[in-house]
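Engineer:
Number of protein chains: 2
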Amino acid sequence: MLELFFKKVNEKINLTEEEQAACAQYFISKKLRKKQYLLQAGDVCKYSAFVEKGILRSYTTDEKGAEHIMQFALEGWWIADMYSFLTGEPSIYNIDALEDAELLLLSSAAQEKLFHQIPKFERYFRILIQNNMIAMQRRLIGSLSLSAEENYVHLINANPGMLQLVPQHMIASYLGITPETLSRIRKQLATRR
Amino acid sequence: MLELFFKKVNEKINLTEEEQAACAQYFISKKLRKKQYLLQAGDVCKYSAFVEKGILRSYTTDEKGAEHIMQFALEGWWIADMYSFLTGEPSIYNIDALEDAELLLLSSAAQEKLFHQIPKFERYFRILIQNNMIAMQRRLIGSLSLSAEENYVHLINANPGMLQLVPQHMIASYLGITPETLSRIRKQLATRR
DNA sequence: CGCGGGTTTGATGATGCTCAAGCCCGGTGG
DNA sequence: CCACCGGGCTTGAGCATCATCAAACCCGCG
């Protein structure tokens, strides 16, 4: 159940056998069906979720009803509304599954205990948050300064595989463009080589 | 020297007189002249800076030579490249002063000691980082989904005063539009009331 | 006075959006 | 098994927004 989790964790910090064994108690495993919510806007984000299997996304819906995808989480990634999770304020994001998924949930209380028992995990989560910050800064600068095509190319270069797994209109939403525009960009790119 | 600093800190956490007195040793005060760098891309960001007086900005310069402003820091705000500061990796950002400025610098070593002596500060900095995250998420969604005009209006509503203090072409850079476009937007808004 | 940076204004063009229609394909019910 | 959806992707025409290039203007400063 935790194979992928340990594999990812051990890329950043090295856990002993005993530490791994001690971890397990802190996580709750949960299955999500396609389109099922993990979090709905207005609720408090009680868990950080590690994706063992499947794909999730977090997104907001604006007044005009348009969705804006904040993040995708492929297998081996974490997803949560960190702000709501840390502060206990209601979230403005929805999180749901693009396909059937298996998750490991970590509540904030469990996280505290985990940090206390295995302090290395503080480092692990700090690294995750830092990487998230970097990624968001890059995405912001990209959206401010690059064309839709450039942003798309960067995205698929950074995450080949995403293309097969995520419906195109959601990639468009993530990039902040319409599905029509993305379709045309892909046509361009296809004919250009 | 630390008046504004204590005023801002006490909005989030309450320090006793003794705690305030104990703080002072951890900060280095520094004056910056207009256009002077606090950090240059390629160097490691050794300090978080609290702005007592003046205005700073952080920005990157892309291959085409265009500047992209990541953040402004008005009086009472913090500025740093958090990633470089925390990891010790070289920064990709420049930070400089838009006008003569007075800063309080906090090195990461000093920050550690400060946290140790007055743990409340951990909370304070966590709150700062959270707010920064929120702000960046909002800005990202804005840049993906709103028009240049809407983004501009939101910016000046959130920060009236910035307009007087920051040259217009830098606001344009922050918004990811050209100075010409910003000029036209302002004209529009002026005639429209 | 003249220079230079910042802002404005105008003309033109590219990028991406909107609206509308068609297509492809997997799923459902007759 | 086939007919018929319906959702997602594509295609097209026209339009809005914003960038680019160029020129003028404004104003503080040496």
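Protein sequence lines correspond, in order, to chains A and B. The working numbering applies: residue 524 is where the first sequence begins, and numbers increase by one. The working numbering applies: residue 524 is where the second sequence begins, and numbers increase by one. Note that CB positions come from ideal geometry on N, CA and C, so glycine has one too.
1) Name the residue from A:Cys546, A:Glu540, A:Ile650, A:Asp604 whose alpha carbon lies nearest to the alpha carbon of Lys636 (chain A).
2) Could you tell me whether the Cβ atoms of Met593 (chain B) and Thr584 (chain B) are closer together than 8 Å?
3) In whole angstroms, what is the alpha-carbon distance linking Lys535 (chain B) and Gln543 (chain B)?
4) Is Tyr560 (chain B) buried or exposed, if buried means 16 or more other CB atoms sit within 10 Å of its CB?
5) Under 8 Å, CB to CB, which of the residues in the segment 660-683 of chain A have a partner in chain B?
6) With a threshold of 8 Å, are at least 3 pairs of Cβ atoms found where one atom belongs to the segment 565-578 of chain A and the other to the segment 622-630 of chain A?
7) When you compare only the Cα positions, how much space is there between Lys531 (chain B) and Thr539 (chain B)?
8) For Ile708 (chain A) and Ile679 (chain A), what's the separation of their Cα atoms in angstroms?
9) Looking only at DSSP bridge pairs, what is Arg580 (chain A) linked to?
10) Phe608 (chain A) and Cys568 (chain A) - do their beta-carbons sit closer together than 8 Å?
11) Can you say whether Asn674 (chain A) is buried or exposed, counting buried as having 16 or more other CB atoms within 10 angstroms of its CB?
12) In the DSSP assignment, find the beta strand (DSSP E) that holds Ile551 (chain A) and state where it starts and stops.
13) In the DSSP assignment, the beta strand (DSSP E) including Ser630 (chain A) goes from what residue to what residue?
14) Return helix, strand or coil for Ser614 (chain B), following the three-state DSSP convention.
15) Can you say whether Leu686 (chain B) is buried or exposed, counting buried as having 16 or more other CB atoms within 10 angstroms of its CB?
16) Have a look at Lys554 (chain B) and His591 (chain B) and give me their C-alpha separation to the nearest angstrom.
17) Using CA atoms only, rank isn't needed, just tell me which of B:Ala658, B:Tyr570, B:Leu688, B:Ala596 is closest to Tyr606 (chain B).
18) Within 10 angstroms of its Cβ, does Leu712 (chain B) collect 16 or more other Cβ (buried), or is it exposed?
19) By the three-class DSSP mapping on this structure, what secondary structure does Ser666 (chain A) have?
20) Can you tell which of B:Leu597, B:Leu663, B:Met659, B:Ala695 has the C-alpha that lies nearest to the C-alpha of Gly684 (chain B)?
21) For Leu562 (chain A), name the three-state secondary structure that DSSP assigns.
22) Compile a chain-ordered list of the residues in the segment 563-592 of chain A whose CB is closer than 7 Å to at least one CB of chain B.
23) Checking 8 Å against the spacing of the C-beta atoms, do Asp604 (chain B) and Ser581 (chain B) come in under that value?
24) Cα-Cα, which of B:Arg556, B:Tyr697, B:Asn533 is closest to Ile666 (chain B)?
Structural biologist: Short version:
1) A:Cys546
2) No, Cβ-Cβ distance for Met593 (chain B) and Thr584 (chain B) is not below 8 Å.
3) 14 Å
4) exposed
5) Gln660, Arg662, Leu663, Ile664, Ser666, Leu667, Ser668
6) As far as the Cβ criterion goes, the segment 565-578 of chain A touches the segment 622-630 of chain A, which means the pair count is three or higher.
7) 14 Å
8) 13 Å
9) Arg580 (chain A) has A:Phe595, A:Asp619 as its beta-bridge partners, per DSSP.
10) yes
11) buried
12) 551-555
13) Counting along the chain, the beta strand (DSSP E) containing Ser630 (chain A) begins and ends at 624-630.
14) Looking at Ser614 (chain B) - three-state DSSP - the assignment turns out to be coil, as it is neither helix nor strand.
15) A residue is called buried once 16 or more other Cβ atoms fall within 10 Å of its Cβ, and Leu686 (chain B), having fewer, is exposed.
16) 25 Å
17) B:Tyr570
18) With fewer than 16 Cβ atoms within 10 Å of its Cβ, Leu712 (chain B) is classed as exposed.
19) helix
20) B:Leu597
21) strand
22) Within the segment 563-592 of chain A, the qualifying residues are Thr583, Asp585, Ala589, His591.
23) yes
24) Note that residue 666 (chain B) is Ser in the sequence shown here, rather than Ile. The shortest C-alpha separation from Ser666 (chain B) is found at B:Tyr697.
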